[in-house]
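To start, the structure under review is shown below, and the notes come after it.
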Amino acid sequence: MSYYDYFPIEKNKIDSCKSCVRQIPIEKSKQVRVGDHIILRSVQCDHHLIIVEKHNSNSHCVQVTAIHSYPDSKNLKSLHRETKKIPLDGSALVVSYRFPMFSRDEIVRRAEKRLTNNDTGSNEIYEYNLATSNCEHFATWCVTNRYFSFQVLQFNTSFGFLHAPALKIMHNNRELCDSCYGGLLQTVLSVPWKHVRPKDVNKGDIVSYFYYMLWHDAVVMEVKSDNKLVLAHYGVGSLFHFKKIIKQTVRFKDHEYLTVYKYDGWNVYSPAEVVERAESRLGEEKWSLTSNRSSHFAKWCKVKMAEF
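Sequential numbering from 0 applies to the sequence shown in numbering that gives the first Met the number 0.
The structure is reproduced here in structure tokens:
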């Protein structure tokens, strides 16, 4: 089945879906408001919380009180009220919903009520579950009255637990808008490949090679003599220390093979455009196991978003 077999003939005419929200980097104190859904980013995963009070701020951070969900083995509670510092360096994000169901005051009341029920052990107690009721599920429920986690969706697509036919059903059922469907579909569809010698690689190709004992995707920025390739990829300082997107010259041995992906039938950028897109993200430090690995970066550089 080809790439385009998974695309419908007509759009499903959804302007925005549950996963289609804007995540805006926070760089000013006024961007943080009571009732906001905030994301604190980390290498392992994103953590989601609801702001219920805003306190002092300076040029570096905003101090807030937030309600958020995480497991606590000591008292078995999953919802917690805590003081947090929101950095103003763009690393934290505020989630902007196109069609929020509740006002900011109502969002705070919903979070407070669920926290109170959790403390008193009522029938509405919120039990933490990574796949079905994590911190993002709680935050999206407060805003939209629906439990949804884009992290879980990305994880399921990225690691093969959710396949292209299932995504198409979600699109047809109007659970995913056209834009999100196209983006996730690019992640789940496999790309044909073949083994080649370094001398047979071309500028703008996407290659996979052995890097820190793992297969690792990269964009070919330049082909040099003596089996040298200039590659753009998420470089690492050690096996578990992911750093940033770098441009690196790698020399391969004469007998070595590389895997080159063959995007036959895909809508791709020209080699020059692929290199330009890779250049635009050099220095980025937003690696994520589920949604922004080197393979995601390489495919983003190569493949155009599908046009319905």
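Note that the Cβ used here is the ideal one computed from N, Cα and C, for glycine as well. In this text, all values refer to a predicted model and were calculated from it rather than measured experimentally.
Separation of residue j from residue i, as counted between CA atoms
i: TRP299; j: ALA277; result: 9 Å
i: ARG32; j: ASN117; result: 24 Å
i: ASN172; j: LEU87; result: 39 Å
i: PHE251; j: MET220; result: 15 Å
i: ILE50; j: VAL222; result: 50 Å
i: ASP70; j: ILE205; result: For the record, residue 70 in the displayed sequence is Pro; it is not Asp. Cα-Cα distance, rounded: 40 Å.
i: HIS295; j: GLU255; result: 25 Å
i: CYS134; j: LYS83; result: 15 Å
i: MET169; j: SER56; result: 42 Å
i: TRP265; j: LEU184; result: 12 Å
i: SER102; j: TYR96; result: 11 Å
i: LYS27; j: ASN201; result: 44 Å
i: LYS301; j: VAL190; result: 12 Å
i: GLY318; j: PRO197; result: Missing from the structure shown is residue 318; the chain here goes from 0 to 307 and no further.
i: MET212; j: ILE245; result: 19 Å
Residue i, DSSP secondary structure in three states
i: ARG250; result: strand
i: TRP265; result: coil
i: TYR180; result: helix
i: PHE296; result: helix
i: CYS134; result: helix
i: MET220; result: strand
i: PHE158; result: coil
i: ILE85; result: strand
i: SER28; result: helix
i: ARG108; result: helix
i: ASN201; result: coil
i: LEU48; result: strand
i: PHE307; result: Because the pLDDT at PHE307 is just 42, under 50, the model does not fix this residue reliably, and the value given afterwards should be weighed accordingly. Note: PHE307 maps to coil in three-state DSSP.
i: ALA91; result: coil
Top-ranked residue by Cα proximity to residue i, from the options
i: VAL235; options: ALA110, GLY282 and PRO270; result: GLY282
i: PHE147; options: ASN155, PHE154 and ALA138; result: ALA138
i: TRP286; options: LYS243, GLY159, HIS215 and VAL200; result: LYS243
i: SER157; options: ASN291, ALA297, LYS303 and GLN22; result: ASN291
i: ARG145; options: ALA165, GLU174, GLN153 and SER189; result: GLU174
i: VAL249; options: TYR210, TYR180 and THR143; result: TYR210
i: GLY181; options: HIS194, LEU166, VAL195 and TRP192; result: LEU166
i: ASN226; options: CYS179, LEU257 and ASP216; result: LEU257
i: VAL195; options: VAL229, TYR260 and THR143; result: TYR260
i: GLU284; options: SER269, GLY159, HIS232 and VAL302; result: HIS232
Residues of its chain near residue i, where Cβ-Cβ distance is below 7 Å and the 5 sequence neighbours each way are ignored
i: LEU114; result: ILE66, LEU78 and ARG80
i: ILE85; result: ILE25, VAL31, ILE37, CYS60, VAL61, VAL63 and ALA91
i: VAL94; result: VAL20, GLN22, HIS36 and ILE38
i: ALA325; result: Beyond the ends of the chain as shown, which are 0 and 307, falls residue 325; an answer cannot be given.
i: MET0; result: In this predicted model, MET0 has a pLDDT of only 41, less than 50, meaning its place in the structure is not dependable enough to derive any value.
i: SER293; result: HIS215, ASP216, ALA217, HIS232 and TYR233
i: ARG109; result: PHE101 and CYS141
Close Cβ partners of residue i (< 8 Å) along its chain, the five nearest in sequence each way excluded
i: LEU161; result: LEU152, ASN155 and VAL187
Contacts around residue i, its chain only, beta-carbon distance under 6 Å, and the 5 residues preceding and following it disregarded
i: ARG100; result: Position check: residue 100 holds Met in this sequence, whereas Arg was assumed. If we look at MET100 and ignore the five residues flanking it on each side, its Cβ neighbours are THR143 and ASN144.
i: GLU52; result: THR64
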